[in-house]
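Written below as structure tokens is the structure these notes are about.
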Amino acid sequence: MEQPHDQRLNARLEQSFKDADKAREELTDSLANSMATNCDLLHHGLVSARGLEVTTEMYRYMLAQLLRHPSGEVRAQVLNAFNSSMEKFWPRKQNIHHEVKPAE
């Protein structure tokens, strides 16, 4: 049977792990938001400096490089991000079946 001291120690350790997990999640969110902001600023700078067509070609090249990355995890994450972006900006049309009227 555990002593009260051991139970308190275990509870403190468990709380420490929970706090560390929470801090890690907050840091990850903060880094992701910071990176997104920097990417937005970079994008606008590139478009201003080089134009939309050149910037689009650069993104196309970068996406192709990432999709050919030797790490399967990187490829899977890039493909997942690409697919969710497609759904956001070009959502699939709902399956609306139009009734075809026979010719008279």
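Letter by letter, the sequence shown follows residues 1105 to 1208 in our numbering.
Ideal placement from N, C-alpha and C gives every residue a C-beta, glycine not left out.
Every value quoted in this text rests on a predicted model; they were computed, and no experiment measured them.
Residue span of the alpha helix (DSSP H) that contains residue i, given as start and end
{"i": "H1148", "result": "P1108 to R1154"}
Residue i (DSSP reduced to helix, strand or coil)
{"i": "Q1181", "result": "helix"}
{"i": "S1175", "result": "coil"}
{"i": "K1197", "result": "coil"}
For residue i, the nearest candidate out of the options (CA to CA)
{"i": "T1159", "options": "D1144, R1172 and H1173", "result": "D1144"}
{"i": "L1171", "options": "R1154, L1183, E1157 and L1117", "result": "L1183"}
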